[in-house]
Amino acid sequence: MKTTNFVRQLQARASMARAASAPAPNPAEPFIGGHHHNNRSAAQASTSANRRHNQLRDQHDHQQEFLRARQFHQQLGLSSPLVGSQTGAGGLGEHHLDHEQHQYQLHDELVRQQQQHTDQQARQPPARDQLDLSFSNTKVVYKSKSMGQLLRNYFVLGLCKNDLLVRNNERLMKWSRRLLGKRLFEQIMRQTFYGQFVAGEDEQAIVPVIRHLSAFGVKTILDYSAEEDVAEEEVKEDVRADAERTKSESNYLADHSPLRRYQQSADFADRRKYLPVARTYFYHGESQCERNLEIFFKAIEAVANTTGNTGFAAIKLTALGRPRLLMKLSKIIDYMRAIEGGEPRAECLSELLERFNRLNQSDINTLDEDEEEMLFNLMRRVNRIAAYASQVGGARCMIDAEQTYMQPAINMIAMELMRQYNRREPIIFNTYQCYLKSAYDQLRKDLAMARRENFFFGAKLVRGAYMDQERARAAKLGYEDPINESFEATTRMYEKTLSYLMGEIERELKLAGMPTKVGPASGDEATQAVPDSPSSAPIKPAESAIDRALNASNSRRISIMVASHNEETVRFALEQMERRGIKPWHRLICFGQLYGMCDHVSFMLGQSGYSVYKYTPYGPVEEVLPYLGRRAIENHGFLSKLERERTLLAREILARLARMQLFYKPAGNYRPT
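In this text, residue positions in the sequence shown follow our numbering: the first is 197, and each later residue adds one.
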């Protein structure tokens, strides 16, 4: 049989090995006839033994490789003329080389068939699980978790039950850092709270997490969550000066006037005081705002580069401008609403301020030169962020909601960004806090503006994060409590707002002639894609017939994110989708939960073909400690939900012990919708 290049290389390597193993010439000995005169017989015997040893070693290595290949072949059930006798010892010399050549030809064929098998798997539609509305099939909802991750999750949530630990989490973490030292403290945090709630330290470290989430049908909202440690007294001192300067304005306000919410108060200067579960930014000058701008740019780059055109970057406007400025702008907006009746008649914030300045009133001071410059810088920054997101492609921005005394300005800026950048697709999303009494009315007005101005409307619905502070502030400063009276009232507001938006989506689908009662049996048709490479980020799904029809008819003018950890709220949204004929592959409704929390809901949705996101923070260990403290507080605040998750985790841990799956390795073939 003809000798292959591979075998010739093998022979060359054997010759080199024999030469290397031969005894080296000794310069002190006389050289006769090409061999050393002394010990000639011993050298020849040694060379022959080394040659035989090398041949046997090479033969053994190649046979072991061939046996491993044959075993893999048998596991796959592939057809190949492999015969057990071909793995025998065989002779040496030319017969042995022919035999090895035959083995390696078969091995090459086996590798080719293996690659074909892998390619066929990649071309197959993504896996889909049957949706379980009880979210209690632990074998399915936790198939993305290793045993170690389940145990860590159970342990961390158990710590969140302890009232003493949660209330003093910041002090305890600082004390542990000093006692253990930086290195040991960070190692412990990575194995516990940090590993549970944070994806990694930087844009490179989070890539494996994003790919793992994507493999189980879950997408990401990225947020760089590093925070500065600001002393409470420093914050109060900054606000006291502002409060004294605006004291004359407050004296003109009637009791219970809505404008009283915009008073400065040192008692509420530190917005962390009432244990909010959302991040708090403090103003340290325009240079700090510029540094925050660069951080948001990096987050947008990370979204574009790692999420396969499916992710969001979370944007907080208090990181880009002075909160006091947002409060004053909100006061002006509410004042103009009161005198003009309803929404201000303005195309943008600058026009509203021009009309306000022409009023010649004395109740509210106009912006001074410093404030005008800060407003200019704020608008420049938010426009740069939105423009960058639209230019890099595949990145969208989620504008976070904040306290009610800043929210009118935040809302108006978000709508202005939508008007400018949501002309072809929803790049900017605004957030609506459904614990506010005004949530439904505000959303309806904003959607009416989007329809009137003909731009895409993106809305994230949340319950809210500042309830205790909002109520205490309203009582202290003498204005109406803006928060719904109960949890049930907030649930009704959430469902009312969500139903309204879904009704508008249903109406648009019908006007576009899209089928709302029939469709593919699964989301496969809408998610057929180029096969994902194991070393690449998720690839954007190819445009399906449904995509083309929706885009051509402009039926994606409303997009909703249902951001909730409440199972009943998620079930309500799913039932509304089914009733109104809004399918997962329409990609008009998505869901959102925090990374490391409510996984039994997130992964059930992602694995059953629904669009779902994890709010995924990242940053250095020491700089995300405040974020970790808020996650402990949030879990502690919903003990019934915490117990529900721990019960499911314990059930799956015991089930894996019974199934002898201690070393289970998660592997998913799901693709995000």
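All residues carry an ideal CB built from backbone N, CA and C; glycine is no exception.
*asked:* Checking the sheet assignment: what are the DSSP bridge partners for residue 654?
replied: 755
*Excluding sequence positions up to five away, which residues of its chain have a Cβ less than 7 Å from the Cβ of residue 571?*
521 and 563
*Taking DSSP as the reference, what is the three-state secondary structure of residue 559?*
coil
*Cβ neighbours of residue 678 in the same chain (closer than 8 Å, five flanking residues each side left out)*: 457, 600, 632, 633, 634, 666 and 670
_Does residue 362 come out as helix, strand or coil in the three-state DSSP assignment?_
helix
*Measuring CB to CB, does residue 657 end up less than 9 Å from residue 690?*
yes
_For residue 626: DSSP bridge partner residues_ = 655
*Beta-carbon gap between residue 343 and residue 809 smaller than 9 Å*: no
_Pairwise C-alpha distance: residue 553 and residue 576_ = 22 Å
*Using a C-beta cutoff of 9 Å, does residue 640 count as contacting chain B?*
Absent from the structure is chain B; it holds one protein chain and no more.
*Taking the continuous beta strand (DSSP E) assigned at residue 592, which residues delimit it?*
591-595
*Would you list the residues sitting across from residue 507 in a DSSP beta bridge?*
591
*asked:* Which of the three DSSP states is assigned to residue 709 in this structure?
replied: coil
*In chain order, what residues of the same chain have a beta carbon less than 7 Å from the beta carbon of residue 613, not counting five sequence neighbours either side?*
578, 582 and 624
*asked:* Between the alpha carbons of residue 704 and residue 775, how many angstroms are there, rounded?
replied: 15 Å
*By the 10 Å Cβ neighbour count, where 16 or more other Cβ atoms means buried, how is residue 843 classified, buried or exposed?*
exposed
_Limits of the beta strand (DSSP E) - the one that residue 813 falls within_ = 807-814
*asked:* Closer than 8 Å is the cut-off here; do at least three beta carbon pairs connect the region 503-515 with the region 405-420?
replied: yes
*Hey, residue 167 and residue 352 are a contact pair by Cβ (cut 8 Å); roughly how many whole angstroms apart?*
In this structure the chain extends from 197 to 869, so residue 167 is not present and cannot be described.
_Using the Cβ count rule (16 or more neighbours within 10 Å means buried), how would you classify residue 586?_
buried
*Taking the continuous beta strand (DSSP E) assigned at residue 420, which residues delimit it?*
415-420
*Within 10 angstroms of the Cβ of residue 781, are there 16 or more other Cβ atoms? Answer buried if so, exposed if not.*
buried
_Proximity of residue 800 and residue 346 at Cβ, strictly below 9 Å_ = no
*C-alpha distance - residue 756 paired with residue 378, whole-angstrom precision*: 42 Å
*Per DSSP, cross-strand counterpart(s) of residue 871*: In the structure as shown, the chain starts at 197 and stops at 869, and residue 871 therefore has no counterpart that could be examined.
_Considering only their Cβ atoms, is the gap separating residue 596 from residue 510 smaller than 9 Å?_
yes
*Given residue 818 as reference, the closest of 499, 401, 828 and 422 once Cα atoms are compared*: 422
*Roughly how many angstroms lie between the CA atoms of residue 184 and residue 324, to the nearest whole one?*
As displayed, the chain neither begins before 197 nor continues past 869, which places residue 184 out of reach and without an answer.
*Coil, strand or helix - residue 548 by DSSP*: helix
*Classification of residue 789 by the beta-carbon crowding that lies within 10 angstroms, buried from 16 upward*: buried
*Nearest to residue 550 by CA position, among 566, 537 and 529, is which residue?*
529
*Whole-Å CB distance - residue 796 paired with residue 337, under 8 Å assumed*: 4 Å
*Measure the alpha-carbon distance for residue 792 versus residue 765 and round it to whole angstroms.*
19 Å
*asked:* Rounded to whole angstroms, what is the Cα-Cα separation between residue 867 and residue 616?
replied: 32 Å
*Distance, residue 383 Cα to residue 573 Cα*: 40 Å
*Where does residue 516 fall in DSSP's three states?*
coil
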